[in-house]
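Chemist: Shown below is the structure under consideration.
There are 2 protein chains.
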Amino acid sequence: MSDVSPLAPAGFPELPPIAGLQLATHEAGIRYAKRADLFLAELAEGTTVAGTFTKSLCPSAPVDWCRRILAEGDGTARAIVCNSGNANAFTGRAGDTAAALTAELVGEALGVEPDRIYLASTGVIGETLPEDALRSGLPALAEQLDNTSPAAWEAAAAAIRTTDTFSKGSSARIPGTAAHIAGIAKGSGMIAPDMATMLAFVFTDLGVAPDVLQAALSTSVATSFNRITVDSDTSTSDTVLLFATGEQIDDEILSVDDHRFADFQAALDDVLLDLAHQIVRDGEGATKFVQIEVAGAESDEAAETIAFAIGNSPLVKTALAAEDANWGRIVMAVGKAGQAADRDKLAIWIGPEQVAAEGIQLEGYSEERATDHLRQDEVSLTVDVGVGTGSATIWTCDLTHGYIDINAGYRS
Amino acid sequence: MSDVSPLAPAGFPELPPIAGLQLATHEAGIRYAKRADLFLAELAEGTTVAGTFTKSLCPSAPVDWCRRILAEGDGTARAIVCNSGNANAFTGRAGDTAAALTAELVGEALGVEPDRIYLASTGVIGETLPEDALRSGLPALAEQLDNTSPAAWEAAAAAIRTTDTFSKGSSARIPGTAAHIAGIAKGSGMIAPDMATMLAFVFTDLGVAPDVLQAALSTSVATSFNRITVDSDTSTSDTVLLFATGEQIDDEILSVDDHRFADFQAALDDVLLDLAHQIVRDGEGATKFVQIEVAGAESDEAAETIAFAIGNSPLVKTALAAEDANWGRIVMAVGKAGQAADRDKLAIWIGPEQVAAEGIQLEGYSEERATDHLRQDEVSLTVDVGVGTGSATIWTCDLTHGYIDINAGYRS
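Protein chains in written order, with our numbering: chain X, 1 to 412; chain P, 1001 to 1412.
Written out as structure tokens, the structure is:
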């Protein structure tokens, strides 16, 4: 429906095969015509799993399902199945039934227990998943399973899209091993993560014990998916799942003190941050990729709150769209954040150009140089609030007519 | 600059004279050409005052000034002076100096102490008020003082506008007395009050002791200015001031137990709610006036938080602009509010049409009837979150291309 975001990467990356993982996609006609809307990843026996989910108090049925099997299970998983076009959220008992049916049908096809099968759905809220499409589509989906070729990865990333204008993938090699991490994500609007955002499925053929895997995931999510915002709206369906097949390692990582853990964590951080940035680059209507750095706050949490107050402000975001160095709106956003800030010590930079110091406009500040910076596709705002040592960096996009076009015209 | 909001009232109301009050306006050329940008109200000796101000941690110099003289003074005031075009915010020591100079010049002209003179400024943040314009404009302003004729009221309301597309005024008669309440307000963007919003100056010729006046004001503001939002952005300059001249009453109201207090409070509530609604009706780019009612929450505060989560959601606001009964976005907003809600008891109405009950779409729900309601200029959303007895009503507007036009094009 939309043109590709001007901030999109040049193309979909070439993702590596992950041993112990097979991918499939299928066109089930749940909502969209002429495109795949089902995605399946089959995982080798013994694959461990970790997950983070939306903090929404009205979560979707698949989020409830995943939370339950993650809490009650032994930390292993055999598959993840995802549909696009319908979020299976706010669908009451019918939603739970559709989720259970999905796991049952895929379980039958793969010969595994339903409670080893993770689920995700993304799309319209409030409509029941059509049972017919599931009954015909899911067995057909399982027949498409194939290795993790670059083309299979790209098809998988495409199958989970909704308003996304490009497919999102990222990978890293884990140093000193034959193992990789590779993952796909979707997300464009309703992006204001709170523990996790939208959908991301990430796989490694390293072996990692479930609790260690969860620790690594929670750490990475805190500084990647939880540090982005498009429109301050939090999805009912936010889900990040990380699977470790263990096929490329002799003995699994059992502790965060394992000497291999730091390399794994660093590679995971890279992949999740790359995917999170791709979601911002596909922010609905976005024309600018914006980094916001706050320093000098009372704590890191305070810095994050201030950074999100700036990044979610419609007045800041429209000024960025207009390439207008209207830094008064940044002051406004700092002021409304409710966190300690010393107005008379506040310092502000637009890109490399310092605008204000000690609470007033700097002598020698050049609005022209600031505007030149804002004319670029990638811009940065930096604020020192002058009260402590807390800091945080977040990423967001501008607010344009494109956002209104997409959301006043399309029921996503 | 903009056409008048489609939600504007038919015209400016005819406001009554307030005994003990004189108004003046003047064109000082602070920023705008060919329009008055200074407003002065002189108040009779003995006038009492109450005020509420922005909770922004980066308040403007006039807000600091008002807070100080309100706290240190004896509860009386002799004047309020306001300029538009420049907010005198984030201007450091130069801002404090400009504020003090304003009070000094007006004090000299009127023969009263500067610390009886209340100040307000609205407009661009970060620029110093031009001293020349103050030195020539303020004495000239004081020479324009005139009675509170309907025309003088309308000129006063016009002089304090910035991006406003119409002038805002309201009045009420206090039953059983010869006294009135009359006030003016400005506000259109950067509207997400936190204790007070934007500028409103309200006058009565009743006599009310300062602490009683403050109690009445705080009560009224809580359910009027503090219950509106345009864009979730909180101004550095939000100020509501209430003055009581006492010229139309023999003995002043000294206690909230006074039998006349309830009538005064009710009249004040009416005037402030009317002014608050006029600000929403002039919300930047607004095409719909939206009432959001939340019931069944754990507390009234929880209900207010949920109502603002709905009212500030860009996805809800763009759906309203599109007249799209996309109630899944309401569920999303309830879910992200962080307040207790029972997904399986949630009920939703669009206007009179019930959409959902007990967590699922109602059988017999008519999207056509819901859409018919959304086609009107004034629409309502009602949500029962099913966990308690807390309730709250707020008012907002939709999010349209007009908001982007105004804020990506105009440095306000």
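By construction, the Cβ of each residue, glycine as well, lies at the ideal position given by its N, Cα and C atoms.
Do you know how far the Cα of V331/X is from the Cα of W1395/P?
Modeler: Sequence index remark: in the second sequence, residue 1395/P carries index 395 (1-based). Sequence index remark: in the first sequence, residue 331/X carries index 331 (1-based). Roughly 26 Å between the two C-alpha positions.
Chemist: Leaving aside the five residues before and after Q354/X along the sequence, list all residues of the same chain whose C-beta is less than 8 Å from its C-beta, in chain order.
Modeler: Here the question's residue 354/X lines up with position 354 in the first sequence. Taken in chain order, the residues that qualify are A347, I348, L362, Y365.
Chemist: Which residues mark the beginning and the end of the beta strand (DSSP E) in which R173/X is found?
Modeler: The residue given as residue 173/X occupies position 173 in the first sequence. That run of the beta strand (DSSP E) goes 168 to 173.
Chemist: Taking 8 Å as the cut-off, does the stretch 1200 to 1213 of chain P touch the stretch 1040 to 1054 of chain P (at least 3 CB pairs, one atom from each stretch)?
Modeler: The stretch 1040 to 1054 of chain P, when compared against the stretch 1200 to 1213 of chain P, does touch it at the 8 Å Cβ threshold.
Chemist: Interface residues of chain P around C58/X at Cβ under 8 Å?
Modeler: Counted from its first residue, the first sequence places residue 58/X at position 58. Those are V1331, M1332, V1334, G1335, A1341, R1343, L1346, listed as they occur along chain P.
Chemist: Between F39/X and the rest of its own chain, which residues show a CB-CB distance below 6 Å, the 5 nearest in sequence each way excluded?
Modeler: As a first step, residue 39/X is located in the first sequence; it is residue number 39 there, counting from the start. So the list reads T25, C82, A156, A159, I160, once near-sequence residues are dropped.
Chemist: With distances taken between CB atoms, is the gap from G390/X to E301/X smaller than 9 Å?
Modeler: Looking up residue 390/X in the first sequence gives position 390. Looking up residue 301/X in the first sequence gives position 301. Their beta carbons are under 9 Å apart, which means G390/X touches E301/X by this criterion.
Chemist: What does a CB cutoff of less than 7 Å around P350/X pick up in its chain, not counting 5 residues either side in sequence?
Modeler: Within the first sequence, numbered from 1, the residue matching residue 350/X stands at position 350. In the sequence as displayed, the identity of residue 350/X is Ile instead of Pro. Once the five neighbours on either side are set aside, the close Cβ partners of I350/X are A325, W327, A370, H373, L374, L381.
Chemist: Taking 9 Å as the threshold (beta carbon to beta carbon), is P314/X in contact with chain P?
Modeler: The count along the first sequence starts at 1 and reaches residue 314/X at position 314. Taking Cβ atoms only, chain P reaches closer than 9 Å to P314/X, which makes this a yes.
Chemist: Starting from the C-beta of T1393/P, find all residues in its chain whose C-beta is less than 6 Å away, skip the five residues before and the five after it, and write them out in chain order.
Modeler: Against the second sequence, residue 1393/P aligns to sequence position 393. Cβ neighbours of T1393/P beyond the five flanking positions: E1293.
Chemist: From T1223/P, A1028/P, D1270/P, H1401/P, pick the residue whose C-alpha is nearest to that of L1141/P; which is it?
Modeler: Residue 1141/P sits at position 141 when you count from the first residue of the second sequence. Nearest C-alpha to L1141/P: A1028/P.
Chemist: Taking just the CA atoms, how far does G285/X sit from V112/X?
Modeler: The count along the first sequence starts at 1 and reaches residue 112/X at position 112. The count along the first sequence starts at 1 and reaches residue 285/X at position 285. Cα-Cα distance, rounded: 42 Å.
Chemist: So, does the CB of K34/X fall closer than 9 Å to a CB anywhere in chain P?
Modeler: Start at 1 with the first residue of the first sequence, and residue 34/X comes out as number 34. For K34/X, the answer is no, since every Cβ of chain P falls outside 9 Å of its Cβ.
Chemist: Based on the DSSP secondary-structure assignment, which residues constitute the bridge partners of I1360/P?
Modeler: Against the second sequence, residue 1360/P aligns to sequence position 360. Partner(s): A1357/P.
Chemist: Measure the alpha-carbon distance for A1340/P versus A337/X and round it to whole angstroms.
Modeler: Indexing the second sequence from 1 puts residue 1340/P at position 340. Indexing the first sequence from 1 puts residue 337/X at position 337. Cα to Cα, A1340/P sits roughly 23 Å from A337/X.
Chemist: Using beta carbons (cut-off 9 Å, strictly below), is H1277/P in contact with chain C?
Modeler: No chain C is part of this structure, whose protein chains are labelled X and P.
Chemist: Is the beta carbon of T165/X less than 9 Å from the beta carbon of D3/X?
Modeler: Position 165 of the first sequence, counted from the first residue, corresponds to residue 165/X. Position 3 of the first sequence, counted from the first residue, corresponds to residue 3/X. The answer is yes: Cβ separation under 9 Å.
Chemist: By DSSP, does W65/X sit in helix, in strand, or in coil?
Modeler: On the first sequence, residue 65/X is found 65 positions in, with the first residue counted as 1. The answer is helix: DSSP assigns W65/X an H, G or I state.
Chemist: Is I117/X closer than 9 Å to A77/X when the C-beta atoms are compared?
Modeler: Stepping through the first sequence from its first residue, residue 77/X is reached at position 77. Stepping through the first sequence from its first residue, residue 117/X is reached at position 117. Taking 9 Å as the Cβ cut-off, A77/X and I117/X qualify as a contacting pair.
Chemist: Which word fits L1199/P, buried or exposed, when buried means at least 16 other C-beta atoms lie within 10 angstroms of its C-beta?
Modeler: Stepping through the second sequence from its first residue, residue 1199/P is reached at position 199. L1199/P comes out buried.
Chemist: Just checking: is the beta-carbon of T54/X within a distance shorter than 9 Å of some beta-carbon in chain P?
Modeler: Taking the first sequence and counting its residues from 1, one reaches residue 54/X at position 54. Yes, T54/X lies at the interface with chain P (some Cβ there is under 9 Å from its Cβ).
Chemist: Leaving out five residues on either side along the sequence, give the residues of the same chain with a beta carbon under 7 Å from the beta carbon of A1319/P.
Modeler: Here residue 1319/P is taken as the residue at index 319 of the second sequence, counted from 1. Excluding residues within five positions, the ones whose Cβ falls inside 7 Å are N1326, R1329.
Chemist: Once DSSP output is grouped into helix, strand and coil, what is the label at W1327/P?
Modeler: In the second sequence, counting from the first residue as 1, residue 1327/P sits at position 327. Reduced to three states, the DSSP call for W1327/P is coil.
Chemist: Does the beta-carbon distance from A172/X to A276/X come in below 9 Å?
Modeler: Locating residue 172/X in the first sequence gives position 172, counting from the first residue. Locating residue 276/X in the first sequence gives position 276, counting from the first residue. Result no, Cβ atoms of A172/X and A276/X do not sit closer than 9 Å.
Chemist: Which residues does DSSP pair with G1123/P in a beta bridge?
Modeler: Counting from 1 along the second sequence, the entry for residue 1123/P is found at position 123. Note: G1123/P sits in a beta bridge opposite G1085/P.
Chemist: Taking only the alpha-carbon atoms, compute the straight-line gap between N407/X and V379/X and give it to the nearest angstrom.
Modeler: What you label residue 407/X is simply residue 407 of the first sequence in a count that begins at 1. What you label residue 379/X is simply residue 379 of the first sequence in a count that begins at 1. Approximately 25 Å between the Cα atoms of the pair.
Chemist: Is R227/X close to chain P? Criterion is C-beta to C-beta, closer than 9 Å.
Modeler: If you number the first sequence from 1, residue 227/X lands on position 227. Answer no: the Cβ-Cβ gap between R227/X and chain P never drops below 9 Å.
Chemist: Let me make sure I understand the geometry here. Which of Q1144/P, D1231/P, T1122/P has the alpha-carbon closest to that of Y1403/P?
Modeler: The sequence position of residue 1403/P within the second sequence is 403, counting from 1. That would be D1231/P, whose Cα lies nearest to the Cα of Y1403/P.
Chemist: Can you give, in chain order, each stretch of the beta strand (DSSP E) that sits fully within the stretch 1280 to 1352 of chain P and has at least 3 residues?
Modeler: Here the runs fully enclosed are 1289 to 1297, 1347 to 1350.
Chemist: Need the endpoints of the alpha helix (DSSP H) that H373/X sits in, please.
Modeler: Counted from its first residue, the first sequence places residue 373/X at position 373. That run of the alpha helix (DSSP H) goes 367 to 374.
Chemist: Give the single residue among K1034/P, G1169/P, D1257/P whose Cα lies nearest to the Cα of A1209/P.
Modeler: Within the second sequence, the letter at position 209 stands for residue 1209/P. Nearest of K1034/P, G1169/P, D1257/P to A1209/P, Cα basis: D1257/P.
Chemist: Please report how far the alpha carbon of A1079/P lies from the alpha carbon of I1181/P, in whole angstroms.
Modeler: Along the second sequence, read from residue 1 onward, the residue named residue 1079/P stands at position 79. Along the second sequence, read from residue 1 onward, the residue named residue 1181/P stands at position 181. Spanning the two alpha carbons is a distance of roughly 17 Å.
Chemist: Would you verify that the beta carbon of F1090/P is, or is not, closer than 9 Å to some beta carbon of chain X?
Modeler: By 1-based counting over the second sequence, the position of residue 1090/P is 90. Chain X, which has a Cβ nearer than 9 Å to the Cβ of F1090/P, makes this yes.
Chemist: In the DSSP output, which residue or residues are listed as bridge partners for I394/X?
Modeler: Counting from one through the first sequence, the residue named residue 394/X turns up at place 394. I292/X.
Chemist: For the stretch 1107 to 1137 of chain P, which residues have a beta carbon sitting closer than 9 Å to at least one beta carbon of chain X?
Modeler: Per Cβ criterion, the list reads V1124, I1125, G1126, E1127, T1128.
Chemist: Taking C-beta to C-beta, are E131/X and L101/X nearer than 9 Å?
Modeler: Translated into positions along the first sequence, residue 131/X becomes position 131. Translated into positions along the first sequence, residue 101/X becomes position 101. Yes, these two residues count as a Cβ contact at 9 Å.
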